[in-house]
Every structure is written in structure tokens, then in C-alpha cells.
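Engineer: Its first residue numbered -4, the sequence shown is counted upward by one per residue in the numbering used here. Quick one: structure below, then a few questions.
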Amino acid sequence: MQGDELDLAGTVSGRGNLILQPLTPTQAIKIGGTDSGNANLLDLTDTELSLLQAGFSAIAIQNSSTIAIDSAGATFNTPVTIQSNSISVDGTLSGKGNATVTLQGSTTLNAGISTENQAIAINGNVTLGNPIFLDTGTGDINFNGTVNGSQNLTLNAGTGNIKIDGAVGNSIALGTLTANSSGMTRFNDIVQAASLKTDAGGETQLNGNVTTTIGQQYSDRLRIDNSITLNSLNGAIAFEDKVNSISGEVNDLTLKADIITLSGDVGNLTPLGNLTLESVNTINTEAIKAASLTATAEGNINAGNIDTSSATGTGGEMTLTSNNGAITTGDLNSSGISGGDISLNALTAITTGDIDTSGSVGDGGNVTLDPISDIEVASINSQGGSSGRGGDVKITAGQFFRATGTFSDRNGIPASISTAGGNGGGSITIRHGGNGEIPFEVGNATTNGTAGAITSGDVTLTPLRTLPFNYTEGNIQILSTDQPFNSTDITEPSQQPPAPPTTVSIPPIVIDTMTELEGNITDAFENYLGISDTPTVTLTQAQDTLSQIERATGVKPALIYALFVPTTTDSPTPANLSKSQSKPNPKQGANLWQFTSSGLSTTQESISASNQLPQMSDELELVLVTAEGQPIRRRLPGVTRQKVLNLTAQFRRAVTDVHIPQDYFTPGQQLYQWLVAPIEPELQAQQINNLVFITDSNLRSIPLAALHNGSGFILEHYSVSLMPSLSLTDTRYVPVKNLKVLAMGASQFTDQNPLPAVPFELSLIAEKLWSGQVFLNQAFTLDNLKQARAAVSFGILHLATHGEFKPGKPGNSYIQFWDTKLQLDQLRHLKLNDPPVELLVLSACRTALGDEQAELGFTGLAVQA
-4 MQGDELDLAG TVSGRGNLIL QPLTPTQAIK IGGTDSGNAN LLDLTDTELS LLQAGFSAIA
56 IQNSSTIAID SAGATFNTPV TIQSNSISVD GTLSGKGNAT VTLQGSTTLN AGISTENQAI
116 AINGNVTLGN PIFLDTGTGD INFNGTVNGS QNLTLNAGTG NIKIDGAVGN SIALGTLTAN
176 SSGMTRFNDI VQAASLKTDA GGETQLNGNV TTTIGQQYSD RLRIDNSITL NSLNGAIAFE
236 DKVNSISGEV NDLTLKADII TLSGDVGNLT PLGNLTLESV NTINTEAIKA ASLTATAEGN
296 INAGNIDTSS ATGTGGEMTL TSNNGAITTG DLNSSGISGG DISLNALTAI TTGDIDTSGS
356 VGDGGNVTLD PISDIEVASI NSQGGSSGRG GDVKITAGQF FRATGTFSDR NGIPASISTA
416 GGNGGGSITI RHGGNGEIPF EVGNATTNGT AGAITSGDVT LTPLRTLPFN YTEGNIQILS
476 TDQPFNSTDI TEPSQQPPAP PTTVSIPPIV IDTMTELEGN ITDAFENYLG ISDTPTVTLT
536 QAQDTLSQIE RATGVKPALI YALFVPTTTD SPTPANLSKS QSKPNPKQGA NLWQFTSSGL
596 STTQESISAS NQLPQMSDEL ELVLVTAEGQ PIRRRLPGVT RQKVLNLTAQ FRRAVTDVHI
656 PQDYFTPGQQ LYQWLVAPIE PELQAQQINN LVFITDSNLR SIPLAALHNG SGFILEHYSV
716 SLMPSLSLTD TRYVPVKNLK VLAMGASQFT DQNPLPAVPF ELSLIAEKLW SGQVFLNQAF
776 TLDNLKQARA AVSFGILHLA THGEFKPGKP GNSYIQFWDT KLQLDQLRHL KLNDPPVELL
836 VLSACRTALG DEQAELGFTG LAVQA
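And the structure:
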């Protein structure tokens, strides 16, 4: 049927295909609704559509210009194809019975499409004008063009399949993209969206990179059909089912996210190629089978068995790095004809199952394990094959090393560690923290030692053997105490420190904005510590406080705020600066402030427009507040969160690893150039000699005293301290010189390592440096602390004991007393403010090692007290 106007007065029935089109090919068509009365428009009204009877094989409505579905929607009872250069779905398009819906042409979806278990196909590029819902019941959904638009798109196919051949969000990223199918969902090109979600019960296939700003959740099986990268800029990536390559292919996979969770086995059917995991928080996985693995996280890494072995070649390398946390895995296997290297580097502890880097013919792979606390493995097999040499094993435990299992090596020795090989054995170096007090025991892995022998083939240490001090035999070394200091072990500070970074001067902070800044920093601690209603300091109050301290001490102090800011964000306005803000959740790492060339933005309204979670591209900005004048602001272009956190982890490790001298001058000098040098002319001009740092998350555990300017440490020029926020700090000055000290601690513990120097430490503090009272071991109890403070007004409290500030809620962190652990959230019960303790010293083993929540606990300790 053809005509520029078709007026159907009765039913239309027949067999075969029905084609409806205008006589003039460029005549526009409107489908649904009522007659528009427009002579230049071919109207197919709801009434006319209802006259089209079932029986046709298909209906085609077509022209060469535009077709619009009326906002009232349109319903078809027969398979329909709508074809035009431009199609606009302005109302719901429905297919009833056996009606499929096919759109041929560039399509704008302002409304959804539904069928009753029949297919929907859009053959052309799609633009989303509104949040869109496509529902086929159990039919297939197919897009053969691109899909763009900032709206949400939900695809519901039941047991049907979903396929998008074109790029998604390549010009305008989508909102939330949700694909629900227990069949197969396939993305043949890139996907860019706020988030991507798939439901359980089917299989998703990816053939292009996926980039999201909030997160990606794959609840069904995942198949990788190309070497791709999944990047969640500010959110998590979660696989809730198994992940494999397409059968017969070996594809690389890279994941970059805030948190990475792989709840199903990876590569159990078809191994992946090179697997790379990068997280600014934590990584949690089940078993992994891949050609190689590189996993890097700021927080903890928890994994099942990891297999990069090869039956026909060299085993793949395996590198796991936790900059601020621990590594816990199952068995690690990189064996092959020649073995691949395995390297685990954690800030705190390492725990694994059996480690196998053996070569069946060639060389064994090397094993490197390096945390500052304990290492526990089942066994290490780095043997070489008949024509190979064993790999080298290098173990550096800041505390103790345990190998709890055994295996029979090539020489029939029940070994916990073997590097034997046909062409010679690899070296074995175990450096531990026994320090001549806790021996290393071959044949006893209870505290510090191995269950079985340690052998390199030529040399074997057999059970039972106790080694309290350094021991070397052949290529096996057990090292407990440090070597005499040699000045050549550490690189001297460069006479030419790194050049100061380029900075950008920014308009000064107004009083209201200073209040917002302090308020947001304070909120993070209040949320974590469970306190509220802290009065927020204004700029005037901050400067008055600095003036009072200067008058009382003769020392000129300054506040340095070191925070990360996005490179672009909406500018604040007087209206939104005055609005109330919701408190950020510190677990989510919400931005404390944001920067634009027009000013500083701290309101939730302006922040939410861009990103509420920290990005690794955020740049460092310094704010200097002194007793006089306007605050000075310096932004450091190119000095990103990623760069600073990486260097901070390197610096902290270099300072805290007492067993292996490391170059801490180079990172210390660079951090000085970033944190102090940009504002040093102002410090010198105002003769500032005390620096108080108030920093962003993950910067609160920087060993500030070790910062170096190339000619001297920062303490040679300034006194330095760290505050949670000025609002949370009691800034009243009280001299500590004449205060009495309550010195308490323990040298022995039932479930922790001894601290043999504590008796001397307490005696020195309470008898030589100050006058006071000592409570040691059994006397180190909470009751004695309370009674002693009730009897005498001790202004200094020194606790020499174990203490841990851990991730999670405050109750996870504690200070160890003789008979109990005092949790951080119980600290207020000690009433250290009545009478006030002016100085609290924790001489503890594990304090604030870089985790954001652990930092909140440690930095907020005085607030809790």
C-alpha cells in the first residue's frame, strides 16, 4: 500500500508481506496516536494499526526520510520492520503475539520497546534520549550499530541472547548498562558507561575494552574473545562466576579498579594469556590459571591457587605487590620445562600454600618474598631439571619465616625448601627478625623455622637444627642479625635534589571555604570514630590559634594542608558554598575538596557533578595557613595521586625495612620537593620553624622526619607534627618538661613475640628522663593504669607494647595490655582527658602502615582518648 496519506476505513487482511510507504519517498511518517492533520505527514494512527489483521507474514513501514513513533506509543500484532534514514521512538513500541520488532536506520530511543518472547533488532546507530528499557521476554536483542547517550539502558532477554556489534558509548558514554540474559550476551566492540551489570545464569562474551566510572559487575560466566582491558575508574570490578578465554584462544586480560573481586575460578576451562590486576584498594580472587600474572594493590591481596605453569615451555612469571597491606594465597605454581619466577612483595605479611617454580628439564624459577612482618608458606620447590640449575630463593621477613610442609625433592630429601638441580643448586637466603633472640629452627615451624630440610643439593640443613644467629654454609644463608653498618650500603643524599615541581598559584581561600575544608576533613574522622558535632574551625580562629602558640612558645607555626584535587570540576558559587553537606563515607574515600581554575570547591553539589571517589589522576595541592595574611595555595600539575602514593609506599618501605639497607634519600628528597619546597619561600619569608601537616588519606603514615632537602633532614630546619584536623585538636599549649610520666609495658606475651628491651626502655624514661612510675608485665593492666592516674596526675603516658592499627572499624585496632587487648573504640573509657594526658607515646610494633582506615585510627588516636 502506497500513498502520501493512507486512510484505512476497514480491516486489512491477507497473506505474505504488507508494505506501507508514502508515494513520495521523502514523506515523513508518524506511527501511533491520532491523526496530526498535517498534510505533509503520513499518519498511521492507533485506530488504523488496529485494522491490520493477523495473517500477514510481516509488515514493513518504510520511507527514505524520517519515521517517528508517537509519544502515545504503537502496538503491532504481526512482525514489523520500520525502515528509514532516521527513526525516533518517542512512545513505547510493542509487539504482541508473534510480533518481532526490527528498526532499520539511525534510531533515537526516547521510549522503550517490548515483545512477547520475540526478537528486537536495531540495525543502525542508536542514540538514547531517555532511560531505556528493552524487554523481549525470552526473545533475542540485537544491535548492529553503535549505541550512545548518557542515559541508562536495560536489556531484558530472559533465556534469549543479547548482542551489540557496534561500539557502546564511543562518543557519549552511557549511564548504567544492564544486560539480563540466561543465554549469551556479547559485546563485539568497546563499552564506555557509568557502570555495566550482567545477571546470573548465562554467559557474557567481551571482544573490546570496557571502561566505566562507577563499576562493573559480571554475575554470569565471562568469556574473553580478545586481549582487552576492563577499567573502572572509580569503582569496583566484580566477577561472580568463572572467567575464561574463548575456546582455542589465549587472550590477555587487564583489570584496573578501586576493588577487584574474582569470585569464580579464572581460566579453569581455557587459560587466559597474561593477566594483569591493578587496584587502588584490595584484590580478592579464587583460583587463577593464566600464562602469567601481575597483581598490584594498595591494600590486601587475597587469592586462591594461582597457576602459570606450562607443560610445553617456560612457566609464566608471577608478581604480586601489596603496597600497604598483606598477601594471602593458596598454592603458587609457575613450573614448566623451565620454571618461571615468583615474586611477592607486601608491606605487612605474606601467607601462601606450596610454591613451585621447578623446571622439569631446564632451570628452576627464582622465588622472592619480602614483607616487613611474617612470612608463612607450605613449601618452596625451586628445583632445576636434569639439564638445569635450581632457582634462587630470597626471603626477607621483617619478623618470622615459617615453612610448614615438606615434599620429597630430586634427591629424596624431605625438604621444606629445595633448589637442587642437575647443573647445580640455586642459592637460598632467609633473612628473619629473630635478632639473636628468637632462633631459626630447621625441623620446627611453630614460630620461626621449617618443618623439613633446607637444601640446595650440594648443601643440606637437616632437622633438628637451631640457629639463633647468622649462619652460612655454601650457598645457604640464614641471617638473623644485621651486619655491621657500612656507609657504602646506603646511597648518600644527592647534592642536587630533584628540581622543585612546577606549581600554579591559586586565588586565596575565603573564610567560608576554609570552614568547609576543615569540616570535610573532620567529617572523615568523625564517621570512622563514631563521634559527631565537632565545632569547625574558621580561618580567623585558625590564625588566632597559631598566634597564641607563637606567643606561648616563641616558635612560629604553620599549617600545611596536603590534599588531592581533581584536575577539573564545577566552580563553586556563593549559593552552593552555603548549603549543608552530607558527610562522606571514609570507606568510599570520598573527595574532601575539588579544584578549578576559578576556585576551591568543597560542596557535595559541585563534587557530585564529576567524581565522588578519588581518582589516580587527581593532583596534589598544598594550602599554607600562617598566623598572618591570606592562605597560600599551590597546585602541582602532573603530581598525581598515583605518583605520590607509589613514591610514599617506596619511601615508607625503605625507612621501615631495618634488615636490608635501602635508598630512602631519593624518595625522601622527592617528597620534600612536593610537600615543602613549593611553599618554602613563604616559610622562609615569615620565619616559620614549626610545620603541622594535615593530609589526605594514605599520606598520614609518611615518615615525615626522614624527608630530606638534599643538604639535611627536615628536622634540621623545622619541627614537624601531624594533625587529624585543626578542629579535632586541643591546641592549648602545656609544657611537658616538668610533667610526671606513667611508663607501662610488657616484655613477654602469651600469644605475641617478646619485646626484651622494654624493661630498660621503661626504666630509662621514668627514672632518667622524667620522674614517674613503672608498671611492667603482670602489673601492666587497665586497672593499674586507672588506679595510678586516680592517685597521681600523670601528664605523660608511655606504653611500650604491641599495638596494631588495622583496616576496618575502630574495634579491629588495639593496644595490647598484659591481660587484655584495649580496642580503639574503648579508649575513651580510660578518661585520659580527666586529668588530661598531655603526651601519649606508643612504642608499638605495627602502627599505621598505610591503609586508609588504619591511618584514620592512628591519626585519630588522640581524638578517641
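C-beta: ideal position from N, C-alpha, C; glycine also.
How many whole angstroms separate the CB atoms of E312 and D336, which I take to be in contact at a CB cut-off of 8 Å?
Structural biologist: 5 Å
Engineer: Mark H824 as exposed unless 16 or more other C-beta atoms lie within 10 angstroms of its C-beta, in which case mark it buried.
Structural biologist: exposed
Engineer: Please confirm whether any heavy atom of the ligand SAH lies closer than 8 Å to the CB of L36.
Structural biologist: Inclusion of the ligand SAH in the displayed structure is not the case, the ligand content being empty and no account of it being possible.
Engineer: Does the count of Cβ pairs from the segment 152 to 163 and the segment 130 to 138 closer than 8 Å reach three?
Structural biologist: yes
Engineer: I'd like to know whether the C-beta of I425 is nearer than 9 Å to at least one C-beta of chain D.
Structural biologist: Among the protein chains of the structure shown there is no chain D, as only one such chain exists.
Engineer: Measure from the alpha carbon of N319 to the alpha carbon of each residue in T726, S274, T307 and R727, then state which is nearest.
Structural biologist: Selection T726, S274, T307 and R727 evaluated against N319 yields S274 as nearest (Cα-Cα).
Engineer: Among residues of its own chain, excluding the 5 on either side of S355, which ones have a beta-carbon nearer than 6 Å to its beta-carbon?
Structural biologist: I332 and G380
Engineer: At which residue ranges does the segment 28 to 77 contain complete beta strand (DSSP E) runs of 3 or more residues, listed in the order of the chain?
Structural biologist: 36 to 39, 53 to 57, 61 to 64 and 69 to 71
Engineer: Use the C-beta contact count for A49: other C-beta atoms within 10 angstroms, 16 or more gives buried, fewer gives exposed.
Structural biologist: exposed
Engineer: Is the segment 528 to 544 close to the segment 718 to 731, with three or more CB pairs under 8 Å?
Structural biologist: Yes, the segment 528 to 544 touches the segment 718 to 731.
Engineer: Contact defined as beta carbons within less than 8 Å: I believe L794 pairs with G740. What is the distance between those atoms, to the nearest angstrom?
Structural biologist: 6 Å
Engineer: Measuring CB to CB, does I56 end up less than 9 Å from G100?
Structural biologist: no
Engineer: Look at the alpha carbon of S242 and the alpha carbon of L225, and state the distance between them as a whole number of angstroms.
Structural biologist: 20 Å
Engineer: Between the beta-carbon of Q378 and the beta-carbon of G416, is there less than 9 Å?
Structural biologist: yes
Engineer: Measuring CA to CA, which of L342, S368, A285 and P366 is closest to L327?
Structural biologist: Comparing Cα positions, the closest option is A285.
Engineer: Apply the 10 Å Cβ neighbour rule to Y809 and answer buried if 16 or more other Cβ atoms are within range, or exposed otherwise.
Structural biologist: buried
Engineer: Is the Cβ-Cβ distance between G119 and I167 less than 9 Å?
Structural biologist: Not closer than 9 Å, so no.
Engineer: If you drop the 5 nearest sequence neighbours on each side, which residues of the same chain put their C-beta closer than 7 Å to that of T621?
Structural biologist: Sequence-distant partners of T621 (beyond 5 residues in either direction) whose C-beta falls short of 7 Å from its own C-beta, in its chain, are L541, A553, Q681 and I683.
Engineer: Which value, in whole angstroms, describes the spacing of the CA atoms of W813 and P434?
Structural biologist: 24 Å
Engineer: When burial is assigned at 16 or more other CB atoms within 10 Å of the CB, is N12 buried or exposed?
Structural biologist: exposed
Engineer: Excluding the 5 residues flanking L267 on each side, which residues of the same chain have their C-beta closer than 6 Å to its C-beta?
Structural biologist: S240, L248 and A285
Engineer: If S451 and S411 are in contact, beta carbons under 8 Å, what's the gap, nearest whole angstrom?
Structural biologist: Contact doesn't hold; Cβ gap of about 13 Å is too wide.
Engineer: Return helix, strand or coil for A604, following the three-state DSSP convention.
Structural biologist: Only weak support is given to the placement of A604: the predicted model assigns it a pLDDT of 36, under 50, and the value that follows is read from those uncertain coordinates. In the structure shown, A604 sits in coil (DSSP, three-state: anything other than H, G, I, E or B).
Engineer: When we look at the beta-carbon of Y861 and count the other beta-carbons within 10 Å, is it buried (16 or more) or exposed?
Structural biologist: Summary: the structure shown does not reach residue 861, with the chain confined to residues -4 through 860, and so no result is reported for it.
Engineer: Short check: CB of A67 to CB of D30, under 9 Å?
Structural biologist: no
Engineer: Is it a yes or a no for the segment 781 to 797 touching the segment 746 to 764, going by three-plus beta-carbon pairs under 8 Å?
Structural biologist: Enough Cβ pairs lie closer than 8 Å, so yes.
Engineer: Which of the three DSSP states, helix, strand or coil, is assigned to L631?
Structural biologist: strand
Engineer: Measuring alpha carbon to alpha carbon, tell me which residue in G514, L640, S45 and F71 is nearest A866.
Structural biologist: In the structure as shown, the chain starts at -4 and stops at 860, and residue 866 therefore has no counterpart that could be examined.
Engineer: For D387 and N418, what's the separation of their Cα atoms in angstroms?
Structural biologist: 13 Å
Engineer: Looking at the secondary structure, which residues open and close the beta strand (DSSP E) in which L257 lies?
Structural biologist: I255 to L257
Engineer: Do you know offhand how far K582's Cα is from V560's?
Structural biologist: Confidence at K582 is low in this model, with a pLDDT of 36, below 50, so the placement of that residue is unreliable and no value is reported for it.
Engineer: Given that a residue counts as buried once 16 or more other Cβ atoms are within 10 Å of its Cβ, and exposed if not, what is Y213?
Structural biologist: buried
Engineer: Work out the CA separation of G428 and Q394 for me, nearest whole Å.
Structural biologist: 4 Å
Engineer: Excluding five sequence neighbours on each side, which residues of the same chain lie with their C-beta closer than 7 Å to the C-beta of G308?
Structural biologist: Once the five neighbours on either side are set aside, the close Cβ partners of G308 are G331 and I332.
Engineer: Starting from E675, trace the alpha helix (DSSP H) in both directions and tell me its first and last residue.
Structural biologist: Judged by DSSP secondary structure, E675 falls within the alpha helix (DSSP H) whose first and last residues are E675 to A680.
Engineer: How many angstroms separate the CA atom of N143 from the CA atom of D85?
Structural biologist: 17 Å
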